[in-house]
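In terms of my numbering, the sequence shown opens at residue 2 and continues consecutively.
Glycine included, C-beta positions come from ideal geometry on N, C-alpha and C.
Here is the structure we will look at.
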Amino acid sequence: MTELLVALGSNVGNRIENLRFAVEGLSVVISDHIVSSVYTTEPIGGHDQPEFLNAALRGSTSLGIDRMFFWVKTLEFAAGRRPGLSQGPRTLDIDIISFGQLSATTPRLDIPHSAYAKRSFVLAPLADIAPNAILPNQTENIGQLDAHMGRAGVKYVYPSSSISNTTFIGNV
């Protein structure tokens, strides 16, 4: 089993339902999962678009990275996501932030995700569920990175129970 961290986002349609759909779909292939609280954040990239809802999920999978990536893309497509503007509106955005100790950059995959440590909308939910995790190529844990980044523009809006049957309580 490989432990992984996944970031979730949605800013089109019923955003909370889109995140619920992602958690339910991921729970098919990810066991022992823990889900963060849900946050609202401003979109990046300069496109005129609604705010995002963001969350994160931690768990373990028996899938390899290629099959996990395919599963994520299948869920995004099933939720109505279609190719479009980079950093544009999305019904569902699922990013594999880390996959065990894998460190790889290919045309399809960037593991650990190269931008996670610079994005408060990713760090805040990750800090809920994996504050002590140190990802490959980092010297600081997620909680420290989150503290350095700060949470300007990131607002707590819903508990984890709003998108998952698994309840998150405090730091893990």
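Contact between the region 6 to 13 and the region 49 to 58 is present, with at least three C-beta pairs closer than 8 Å. For Leu93, the closest alpha carbon among the candidates Pro137, Arg21, Thr3 is that of Arg21.
Distance from the Cα of Pro108 is smallest, within the candidate group Val13, Asp67, Asp33, for Asp67.
Pairing Glu77 with Tyr117, the inter-Cα distance amounts to about 19 Å. When the beta-carbon positions are compared, Val36 and Thr62 stay at least 8 Å from each other. Between Met69 and Ile98, the C-beta gap is not smaller than 8 Å, which leaves the two residues out of contact.
If you draw a straight line from the Cα of Arg91 to the Cα of Arg82, it is about 6 Å long.
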